[in-house]
Amino acid sequence: MILNMDGTKPIYLQISEWLEREILNGNFESDQKIYSQYQLAEMFTINPATAAKGLTLLVEENILYKKRGLGMFVSNHAKQIILNKRKNQTLKKLVLEIVMEAERLNVSREELIQMIQAVNVEEAGE
Amino acid sequence: MNIIECSSLTKVYGAVKALNNLSFELQENKITGLIGRNGAGKTTLLKIIAGYYRETLGEIKVFSEKPFNNLLVSANVMYINDQMNFPTALNLKEILNVSSTFYENWNHELADRLFDYFAFQQTQQYNNLSKGMKSTFNMIVGLSARCALTVFDEPTTGMDAGVRKDFYRALLKDYIDFPRTILLSSHHLDEIEDILEDVLLIKDGTKLLHIPVEELKEWAIGVQGSSAAVNDWIKNREVIHSKNVGLDRMYAVVKQNGSESEIQRAKEAGLAITPISSSDVCVYLTSKNKGGIDDVFIKD
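Here you go:
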C-alpha cells in the first residue's frame, strides 16, 4: 500500500497528493490521460466516490482537466502549479512549525539557520 | 433515486425501544456503513429493511414499497448475517446451485471462483463449518446474488484478518464491476471506512450522523495542553470527550468548525492539536458519558 492509511489524513487528499507525485515524477506528461476513479479505487481498495473527490480537487486547481466522456487529463502547467502550491502552502507550514518549535526550545534564529545549512551540506556531501 | 426511505421509524420490544424515531434516506449505488455500539439497534433496523420484522410506528419504504411480507423486496434484497438458515439436506455446492435460481442477477462464475479460492469442498455441510468459514460462505452467497440492495450485518464475525481483508477487497471489486446499493454494519469502522462512501451512525435507536465518511475524518479534533488553556479554548464549543492527563493537563475532543484562525490561536496558546480518526469520533459520540470507562473507576 502506497497510501498512508493512518486514519487521520482524509484519503481523497492522499489520493490527490499521490497523483501530484506521479505527475512530478514524470510518470504522466501534459495532456496524458490520468487514472480513472475506478482504477484508483481498485488500486488502493477505496470507495470510487473518494477517488473521484481526489480527482475533482485536482481539476479545481487546474492540475487536471476534464474531457467529457473521455476522462481526466494532465494540464499543461500541472507541474508548475504543483510546485508553487507545495512551496506556498506545504513548505510554509513546515517552516512555521520549525520556527515555533525552535522558539519553544530557545533556539535562536541564527542557530536555526545554521542547522538548516548544515543539513544542506550533509546532503550535498552524499 | 432513494433505495431506502424511512421516517420516524420506531420498533418497540416490550419496554425497550430498539428504534426510536429514526429517519434517513439511502441513495442508489452507494456503499454505506451502519455503525453503532452493541444494542444500538443496527440489526433491528436491517431486519426491518429486509422485511423480516414489522415496524411498530413510522414508515419504511424499500424500492418505494413497504418491505414486510413483500415479494419485490425479498427478490431484490440480500440480507446476510451470522444466523443464515440454509437447508440442512443440501451440501455447500447444492446451496449455491439452489441460490442461483432465486436471484435474477446471480453470478455463478463469481460464486465458483470464490468457493475455490477459499478452499471449500463441494460435499461439505454448512452446519459442520467453523464460525469463520460460515461467515466466508455467507459472504460468497451475499456477493454472488448481486441484489440491488445488499445488506451485510456484521459479515466478518469469526473471519481471520486475512479473510476479512479479502472480503473487503472482493466486495469493492464486485461493486465496481456491478454497482449496487450496499449497507454494511460493523464494529470495525477502521477496517471498512476506506471502502465506504457514507456512514450512518446510530445510538439508542436514533440517528446521530449520516455523512460522507471523508467528512467524519475531519469532524473532530483533539486538543491537549494545560487545563486552563484547554478549558479556555473549548468554551462555546461542542465537547465530545475530555480527560485529565497528569497533574494539570487536559485532553479534549471537540467538533471541528473549520476555522483555521482558531486552530492557529490554539497553537499559539501552546495547545497540541491532533486529528481524530473516524472510529474514535464514533466511539466518543456513542459513549454514555464524556469520560468513558474511566468514569466507572472514579473514587469519591
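Here the protein sequences come in this chain order: A and B.
Heads up: the first sequence begins at 84 in our numbering, then just goes up one per residue.
Heads up: the second sequence begins at 88 in our numbering, then just goes up one per residue.
Backbone N, C-alpha and C define an ideal beta-carbon position, used for all residues, glycine too.
Since we're looking at a predicted model, the values are computed, not measured.
How far does the beta strand (DSSP E) with residue i in it reach, from first residue to last?
i                      : result
residue 148 of chain A : 147-150
residue 130 of chain B : That residue, residue 130 of chain B, is in no beta strand (DSSP E); its alpha helix (DSSP H) goes 129-136.
residue 178 of chain B : From DSSP, residue 178 of chain B is part of no beta strand (DSSP E); its letter is neither H nor E.
residue 146 of chain B : 144-149
residue 357 of chain B : Note, residue 357 of chain B: premise wrong, no beta strand (DSSP E); not H, not E.
Please report the distance separating the alpha-carbon of residue i from that of residue j.
i                      : j                      : result
residue 208 of chain B : residue 125 of chain A : 29 Å
residue 190 of chain A : residue 114 of chain B : 56 Å
residue 156 of chain B : residue 308 of chain B : 45 Å
residue 177 of chain B : residue 230 of chain B : 20 Å
residue 318 of chain B : residue 340 of chain B : 11 Å
residue 197 of chain B : residue 334 of chain B : 59 Å
residue 158 of chain B : residue 370 of chain B : 38 Å
residue 158 of chain A : residue 316 of chain B : 47 Å
residue 270 of chain B : residue 185 of chain A : 49 Å
residue 193 of chain B : residue 187 of chain B : 6 Å
residue 89 of chain B  : residue 152 of chain B : 12 Å
residue 327 of chain B : residue 198 of chain A : 41 Å
residue 214 of chain B : residue 171 of chain B : 10 Å
residue 104 of chain B : residue 375 of chain B : 17 Å
residue 386 of chain B : residue 323 of chain B : 29 Å
residue 187 of chain A : residue 353 of chain B : 15 Å
residue 382 of chain B : residue 373 of chain B : 15 Å
residue 102 of chain B : residue 108 of chain B : 16 Å
With DSSP as the reference, label residue i as helix, strand or coil.
i                      : result
residue 273 of chain B : coil
residue 237 of chain B : strand
residue 374 of chain B : coil
residue 103 of chain A : helix
residue 228 of chain B : helix
residue 345 of chain B : coil
residue 126 of chain B : coil
residue 362 of chain B : strand
residue 99 of chain B  : strand
residue 339 of chain B : strand
residue 246 of chain B : coil
residue 211 of chain B : coil
residue 144 of chain A : coil
residue 216 of chain B : coil
Tell me whether residue i is buried or exposed, calling it buried when 16 or more other Cβ atoms sit within 10 Å of its Cβ.
i                      : result
residue 146 of chain B : exposed
residue 225 of chain B : buried
residue 117 of chain B : buried
residue 209 of chain A : In this predicted model, residue 209 of chain A has a pLDDT of only 48, less than 50, meaning its place in the structure is not dependable; the value taken from the coordinates is given anyway. It is exposed - the Cβ of residue 209 of chain A has fewer than 16 other Cβ atoms within 10 Å.
residue 196 of chain A : exposed
residue 220 of chain B : buried
residue 213 of chain A : Absent from the model: residue 213 of chain A. The displayed extent of chain A is 84 to 209, so no value can be given.
residue 141 of chain B : exposed
residue 120 of chain A : buried
residue 104 of chain A : exposed
residue 178 of chain A : exposed
residue 366 of chain B : buried
residue 242 of chain B : buried
residue 94 of chain B  : exposed
Taking the alpha helix (DSSP H) that residue i falls in, what are its first and last residues?
i                      : result
residue 202 of chain B : 195-204
residue 177 of chain A : 175-187
residue 121 of chain A : 120-127
residue 160 of chain B : 158-163
Whole runs of the beta strand (DSSP E) within the region 259-337 of chain B, excluding any shorter than 3 residues: 268-272, 285-290, 293-299, 307-313, 326-332
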